[in-house]
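Student: Those sequence lines, one after another, are chains A and B.
Mapping to full-length UniProt numbering: the first sequence position 127 is 127, numbers consecutive.
Mapping to full-length UniProt numbering: the second sequence position 415 is 415, numbers consecutive.
Heads up, the beta-carbon is just placed ideally off N, CA and C, and yes, glycines get one too.
Predicted, not measured: the structure shown is a model, and the values here were computed from it.
Sharing a structure below in structure tokens format, with a few things to ask.
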Amino acid sequence: MTLFDETELRLGLPGGGGNKNVEGGATAVHNPGKRGYDETIMDLKLKLSSSDQETKIDHEKKHASANPPAKAQVVGWPPVRSYRKNMLSVQKKSSLHNEEGNDSSASFGTKGNGGGGAAFVKVSMDGAPYLRKVDLRLYQSYQDLSDALGNMFSSFTIGNCGSQGLKDFMNESKLMDLLNNSDYVPTYEDKDGDWMLVGDVPWEMFVNSCKRLRIMKGKEAVGL
Amino acid sequence: MDPNIKRVNSLFPDEVLERVLSLITTHKDRSSISLVSRSWYNAERWSRRHVFIGNCYSVSPQIVANRFPNIRSVTIKGKPRFSDFNLVPDDWGADVFPWLSVFATVYPFLEELRLKRMVVSDESLEFLATSFVGFRNLSLMSCDGFSTDGLKAVATHCKNLTELDIQENGIEDLGGHWLSCFPESLTSLEILNFASLNSEVSFDALEKLVSRCKSLRVLKVNRNISLDQLQKLLLHAPQLMELGTGTFMQELVSGPLTELKNAFSNCKNLVTLSGLWDATPLYLPVIYPACAHLTFLNLSYATLRSAELANLLAHCKSLRRLWLLDTVGDKGLEAVGSCCPLLEELRVFPADPFDQEMNLGVTEVGFISVSRGCPKLHYVLYFCRQMTNSAVVTIAKNCPDFTHFRLCIMTPGQPDYMTKEPMDEGFGAIVKTCTKLQRLAVSGLLTDGTFEYIGKYAKNLETLSVAFAGSSDLGMEYVLGGCPKLRKLEIRDCPFGNAALLSGLMKYESMRSLWMSACNVTMNGCRVLAKERPMLNVEVIKDEDSDDSQAHKVYVYRTVAGPRRDAPPFVLTL
């Protein structure tokens with residue numbers, strides 16, 4: 001498994017711009033390394049702007065102390081090694097599932113799988129009038145998920161984004177072509193609140209860290 | 001003068017001196033010995049079996065080979081420590097291969113290689129496995145560049161392997177088949193640690209390996225090994241001293257718990273326990289029989305709450321080292337303070353480093369309770385979201401023997417949350433009270449005052465880590481002007497500029513290295529340093545689209561090997 005961080009790409013939040021990887025593996029909403037100390041402290045005082053997160057931030061405003069709010073993420077801070085971060089994020093998802101109504105006599109899954117029970121996530125597709133919900137644990141691979149999503153949304157797709165089109169989107173080598181044609185791109189919000197491109201990490205890791213899915217219009221998927 | 005009285009030197013043949021010196025093992029002592037006289041220098045170099053290279057670029061493989069002809073064991077550290085936090089680009093360097101190719105010629109009897117933050121390719125591992133007939137110990141920590149194929153080569157070719165320790169590496173995991181490559185004839189394994197590898201190994205192969213290696217004393221498996229499987233392994237290896245379990249949760253089957261508990265109680269030599277992924281209150285009690293003689297318990301992958309921890313710790317009276325997740329909360333730390341009077345080391349890691357909403361974690365209250373109950377505490381790594389000066393002052397008073405104090409207040413630049421003042425006085429108390437302090441990591445809102453204290457009082461400080469702190473060049477100048485034993489200084493996101501950098505002109509050659517990133521240092525400042533101090537390598541790591549006059553990442557280190565010849569295009573040696 002490659003380092004999670006190496007494959008981590010951050011898409012722009014709706015309406016905002018995203019950042020490319022600047023140095024091998026490291027991404028940030030802003031990169032304090034490029035500018036001096038003063039700009040960094042200023043950036044820490046700025047809040048992330050996002051339609052999804054605005055309500056969260058307003059809530060924080062009421063309770064915040066007079067100090068820089070920590071919502072802005074800085075590269076390599078807090079100084080927790082990637083290995084540990086990965087292990088914990090996979091685990092957290094598992095233990096959350098276990099707390100959802102599983103008692104001790106239920107099956108917890110075998111061989112360190114960790115998660116028991118379902119992993120329902122909302123799936124939205126740009127342009128579709130309503131959302132769907134899928135249980136990620138019903139699928140064994142990205143291909144299975146792709147097929148299922150293709151079937152679900154085929155009635156809403158415009159142009160050449162049918163279930164075959166969606167299957168193609170899960171295929172990395174076709175992704176760039178399709179992005180250029182501003183077709184749809186599958187993305188997901190992970191445990192840390194970041195929007196990621198579907199398909200980069202091993203399937204099991206994806207299932208454990210995915211909170212919701214969004215099939216975006218390719219035009220909006222900047223920063224890849 | 002009596003002609004029978006000879007000069008001391010000729011009474012003492014070199015062979016005898018070498019024999020005596022062969023008993024001296026620490027590299028610091030050996031360094032001192034080599035400075036005594038020419039003959040002692042020679043005796044030392046011939047008798048040295050282990051060489052420690054703290055910075056792979058401070059010396060070249062040829063120089064090492066020329067000086068030490070009889071080396072059996074090598075330890076090498078590569079990248080700057082901040083590479084752990086993604087501050088160093090890939091392809092920066094620290095490739096082990098150039099070392100291996102020299103060693104293959106000069107040290108054909110090499111037995112041990114321990115690497116940290118080095119780049120190790122599969123080719124290097126294969127080369128290692130096939131070039132050194134008697135090779136026995138391989139330890140790779142925080143390395144990257146290899147895959148499980150490289151491990152296959154090691155398992156296949158190293159006929160006398162006693163140690164394979166793979167920790168927290170950026171490894172490409174292509175499957176668990178490597179473990180099956182250990183031949184049936186291999187019975188020498190004493191240490192096997194594959195806890196950080198993700199894919200499943202063949203349990204059958206593992207079980208057979210464990211049963212035939214009667215001297216196995218350290219076994220750390222990965223998460224894929226189930227409790228049932230663990231039980232079988234323990235039955236084969238009751239002699240284990242250090243155990244890393246796999247997942248600590250499984251489908252409940254009638255009756256296994258008592259057997260598992262018995263398996264643990266049969267391990268009379270167990271002193272270290274780790275792993276414990278997914279541990280829940282249901283299964284944790286199986287380890288209780290082994291707890292009384294545990295000295296090191298690593299719970300940093302078990303999301304325990306305070307009650308579970310308290311129940312567990314009640315059995316762990318002998319603990320000296322404890323690693324936890326902050327899910328245990330302050331109440332959990334209270335239990336630490338009451339149950340573990342012999343505790344010397346505590347590390348508390350954040351379960352959710354980025355998400356404040358989920359989990360408050362631990363605060364100053366927890367830290368104080370530990371300090372009260374554990375007066376022998378000398379090593380702390382503590383991640384928290386709030387801290388006060390008075391708490392740190394109290395902690396220093398309770399535990400004056402700190403040698404390692406690493407406090408990470410997770411929000412950059414956060415003051416004492418009650419008084420809103422900078423954390424100067426807290427850290428000041430640490431350096432004033434804890435005279436044995438060797439390593440310090442500071443955080444929170446800090447003015448130059450903190451560094452004035454550090455420079456003035458921290459007489460034994462060797463390693464200092466600073467982030468988002470200081471008010472002006474003075475901060476760094478205070479440290480460089482004091483701290484006589486400083487060896488490693490790593491700084492990020494601080495307002496220190498050229499004057500600060502250059503104030504250390506006289507000091508850097510007595511240090512291993514300096515790292516400065518996202519500070520106010522310019523290329524010109526770095527050039528001046530490089531010009532004045534030719535024995536230093538002054539390297540600037542360039543960002544793609546950065547301002548050319550700023551030096552965003554600077555790495556300065558002493559070296560006898562001259563400028564790097566393998567530097568990638570984005571590393572400029574000035």
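At a CB-CB cut-off below 8 Å, which residues of chain A make contact with ASN298 (chain B)?
Tutor: Position 298 of the second sequence, counting from 1, holds the residue named residue 298 (chain B). Neighbours of ASN298 (chain B) on chain A: none; closest Cβ ~12 Å, over 8 Å.
Student: Within 10 Å of its beta-carbon, does GLN250 (chain B) have 16 or more other beta-carbons around it, so buried, or fewer, so exposed?
Tutor: Taking the second sequence and counting its residues from 1, one reaches residue 250 (chain B) at position 250. By the neighbour-count rule (16 or more Cβ atoms within 10 Å), GLN250 (chain B) is buried.
Student: Between TYR142 (chain A) and chain B, is any beta-carbon pair separated by less than 8 Å?
Tutor: By 1-based counting over the first sequence, the position of residue 142 (chain A) is 142. It does not: the Cβ of TYR142 (chain A) has no partner Cβ on chain B nearer than 8 Å.
Student: For GLY455 (chain B) and LYS397 (chain B), I'd like the C-alpha separation in whole angstroms.
Tutor: As a position in the second sequence, residue 455 (chain B) is number 455, starting the count at 1. As a position in the second sequence, residue 397 (chain B) is number 397, starting the count at 1. Rounded to whole angstroms, GLY455 (chain B) to LYS397 (chain B) spans 20 Å at the Cα level.
Student: In chain order, what residues of the same chain have a beta carbon less than 7 Å from the beta carbon of ASN224 (chain B), not counting five sequence neighbours either side?
Tutor: For this step, residue 224 (chain B) is matched to residue 224 along the second sequence. For ASN224 (chain B), where only same-chain residues beyond five positions count, the Cβ hits under 7 Å are GLU200, GLY246.
Student: So is TYR130 (chain A) buried or exposed if we call it buried at 16+ other beta carbons inside 10 Å?
Tutor: Taking the first residue of the first sequence as 1, we reach residue 130 (chain A) at position 130. Looking at its Cβ environment, which holds fewer than 16 other Cβ atoms inside 10 Å, TYR130 (chain A) is exposed.
Student: Cα separation between HIS404 (chain B) and LEU464 (chain B)?
Tutor: Taking the first residue of the second sequence as 1, we reach residue 404 (chain B) at position 404. Taking the first residue of the second sequence as 1, we reach residue 464 (chain B) at position 464. Going from the Cα of HIS404 (chain B) to the Cα of LEU464 (chain B) covers about 10 Å.
Student: Determine, for ASP192 (chain A), whether the minimum Cβ-Cβ distance to residues of chain B falls below 8 Å.
Tutor: Your numbering for residue 192 (chain A) matches position 192 in the first sequence. Yes, its Cβ sits closer than 8 Å to a Cβ of chain B.
Student: Comparing the C-beta of LYS85 (chain A) with each C-beta of chain B, is any distance below 8 Å?
Tutor: Taking the first residue of the first sequence as position 1, residue 85 (chain A) is located at position 85. Answer yes: the Cβ-Cβ gap between LYS85 (chain A) and chain B drops below 8 Å somewhere.
Student: Should ARG492 (chain B) go down as buried or exposed, given a rule of 16 or more other Cβ atoms within 10 Å for buried?
Tutor: For the purposes of this step, residue 492 (chain B) is taken as residue 492 along the second sequence, with counting starting at 1. It is buried - the Cβ of ARG492 (chain B) has at least 16 other Cβ atoms within 10 Å.
Student: Compute the distance between the beta-carbons of MET523 (chain B) and LEU501 (chain B), then report whether it is under 8 Å.
Tutor: One-based indexing of the second sequence puts residue 523 (chain B) at position 523. One-based indexing of the second sequence puts residue 501 (chain B) at position 501. No.
Student: In this structure, does DSSP put residue 576 (chain B) in helix, strand or coil?
Tutor: Given a span of 1 to 574 for chain B in the structure shown, any question on residue 576 (chain B) remains unanswerable.
Student: In chain order, what residues of the same chain have a beta carbon less than 7 Å from the beta carbon of VAL207 (chain A), not counting five sequence neighbours either side?
Tutor: Position 207 of the first sequence, counted from the first residue, corresponds to residue 207 (chain A). Excluding positions up to five away in sequence, the list reads ALA119, LEU136, ARG137.
Student: Would you kindly work out how many angstroms separate the C-alpha atoms of VAL560 (chain B) and THR26 (chain B), rounded to a whole number?
Tutor: As a working mapping, residue 560 (chain B) is identified with position 560 in the second sequence. As a working mapping, residue 26 (chain B) is identified with position 26 in the second sequence. Computed Cα separation, rounded: 22 Å.
Student: In this structure, how does DSSP classify SER139 (chain B) when only helix, strand and coil are distinguished?
Tutor: Reading the second sequence from its first residue, position 139 is the one you call residue 139 (chain B). Strand at SER139 (chain B).
Student: Looking only at DSSP bridge pairs, what is GLU163 (chain B) linked to?
Tutor: For the purposes of this step, residue 163 (chain B) is identified with residue 163 of the second sequence, where counting begins at 1. Looking at the DSSP assignment, GLU163 (chain B) forms a beta bridge with B:ASN137, B:ILE191.
Student: State the CB to CB distance for the pair ARG48 (chain B) and THR75 (chain B), rounded to an integer number of angstroms; the pair is presumed to be in contact (CB under 8 Å).
Tutor: By one-based count along the second sequence, residue 48 (chain B) stands at place 48. By one-based count along the second sequence, residue 75 (chain B) stands at place 75. Between THR75 (chain B) and ARG48 (chain B) the Cβ distance is about 13 Å, and since that is not below 8 Å, they are no contact.
Student: My output table needs one value for TYR83 (chain A): the three-state DSSP class, helix, strand or coil.
Tutor: For the purposes of this step, residue 83 (chain A) is taken as residue 83 along the first sequence, with counting starting at 1. Here TYR83 (chain A) sits in helix by DSSP.
Student: Give a yes or no on whether the minimum CB-CB distance between PHE354 (chain B) and chain C is below 8 Å.
Tutor: Given the protein chain composition of this structure (A and B), no chain C is represented.
Student: Expressed to the nearest angstrom, what Euclidean distance is found between the alpha-carbon atoms of LEU342 (chain B) and LYS376 (chain B)?
Tutor: Here residue 342 (chain B) corresponds to residue number 342 of the second sequence, with the count starting at 1. Here residue 376 (chain B) corresponds to residue number 376 of the second sequence, with the count starting at 1. Rounded to whole angstroms, LEU342 (chain B) to LYS376 (chain B) spans 6 Å at the Cα level.
Student: By the 10 Å Cβ neighbour count, where 16 or more other Cβ atoms means buried, how is PRO484 (chain B) classified, buried or exposed?
Tutor: Along the second sequence, one-based indexing puts residue 484 (chain B) at 484. So PRO484 (chain B) ends up on the exposed side.
Student: Name the chain A residues that come within less than 7 Å of CYS408 (chain B), Cβ to Cβ?
Tutor: The count along the second sequence starts at 1 and reaches residue 408 (chain B) at position 408. By Cβ distance, chain A contributes PRO78, PRO79.
Student: Rounded to whole angstroms, what's the CA-CA distance from TRP203 (chain A) to ARG214 (chain A)? Just pull it up for me.
Tutor: One-based indexing of the first sequence puts residue 203 (chain A) at position 203. One-based indexing of the first sequence puts residue 214 (chain A) at position 214. For TRP203 (chain A) and ARG214 (chain A), the distance between alpha carbons rounds to 17 Å.
Student: Give the range of the beta strand (DSSP E) segment to which CYS56 (chain B) is assigned.
Tutor: Here residue 56 (chain B) is taken as the residue at index 56 of the second sequence, counted from 1. Element bounds for CYS56 (chain B): n/a, residue is neither H nor E.
Student: What is the rounded straight-line gap between the Cα of MET216 (chain A) and the Cα of ASP126 (chain A)?
Tutor: In the first sequence, the residue the question calls residue 216 (chain A) occupies position 216. In the first sequence, the residue the question calls residue 126 (chain A) occupies position 126. Approximately 6 Å between the Cα atoms of the pair.
Student: Do LEU322 (chain B) and LEU297 (chain B) count as a contact pair if the criterion is CB distance below 8 Å?
Tutor: As a position in the second sequence, residue 297 (chain B) is number 297, starting the count at 1. As a position in the second sequence, residue 322 (chain B) is number 322, starting the count at 1. Yes.
Student: Using a Cβ-Cβ distance cut-off of 8 Å, determine whether LEU514 (chain B) contacts chain A.
Tutor: Translated into positions along the second sequence, residue 514 (chain B) becomes position 514. Taking Cβ atoms only, chain A never reaches closer than 8 Å to LEU514 (chain B), which makes this a no.
Student: If you follow the beta strand (DSSP E) that VAL521 (chain B) is part of, which residue opens it and which one closes it?
Tutor: Locating residue 521 (chain B) in the second sequence gives position 521, where the first residue counts as 1. Looking at the DSSP string, VAL521 (chain B) is not in any beta strand (DSSP E), and its letter there is neither H nor E.
Student: When burial is assigned at 16 or more other CB atoms within 10 Å of the CB, is THR258 (chain B) buried or exposed?
Tutor: Your numbering for residue 258 (chain B) matches position 258 in the second sequence. Under this definition THR258 (chain B) is an exposed residue.
Student: If we require 3 or more residues per run, which beta strand (DSSP E) segments fall completely within the segment 221 to 259 of chain B?
Tutor: List check, beta strand (DSSP E) in window: 242 to 244.
Student: Would you say VAL75 (chain A) reaches chain B, if we count a Cβ-Cβ gap shorter than 8 Å as a contact?
Tutor: Working through the first sequence from its first residue, we reach residue 75 (chain A) at position 75. True, the Cβ-Cβ gap to chain B drops below 8 Å.
Student: How big is the Cα-Cα spacing for GLY134 (chain B) and GLU184 (chain B)?
Tutor: The residue labelled residue 134 (chain B) in the question sits at position 134 within the second sequence. The residue labelled residue 184 (chain B) in the question sits at position 184 within the second sequence. Approximately 18 Å between the Cα atoms of the pair.
Student: Nearest by alpha-carbon distance to LYS459 (chain B): which of B:LEU437, B:THR447, B:ILE171, B:ASP448 is it?
Tutor: For the purposes of this step, residue 459 (chain B) is taken as residue 459 along the second sequence, with counting starting at 1. Minimum Cα distance to LYS459 (chain B) is reached at B:LEU437.
Student: Cutting at 7 Å between CB atoms, please list the residues of its own chain near ASN180 (chain A), excluding the five before and the five after it.
Tutor: As a first step, residue 180 (chain A) is located in the first sequence; it is residue number 180 there, counting from the start. Since pLDDT at ASN180 (chain A) reaches only 46, below the 50 mark, its modelled position is unreliable, and the value read off the structure follows with that caveat. Taken in chain order, the list of residues that qualify is empty.
Student: Mind checking which residues open and close the alpha helix (DSSP H) that includes GLY481 (chain B)?
Tutor: Walking along the second sequence from the start, residue 481 (chain B) turns up at place 481. Here the alpha helix (DSSP H) through GLY481 (chain B) covers 473 to 481.
Student: Decide if the segment 151 to 171 of chain B is in contact with the segment 190 to 204 of chain B; the criterion is three or more beta carbon pairs, one per stretch, under 8 Å apart.
Tutor: Judged by Cβ distances under 8 Å, the segment 151 to 171 of chain B makes contact with the segment 190 to 204 of chain B, as three or more pairs qualify.
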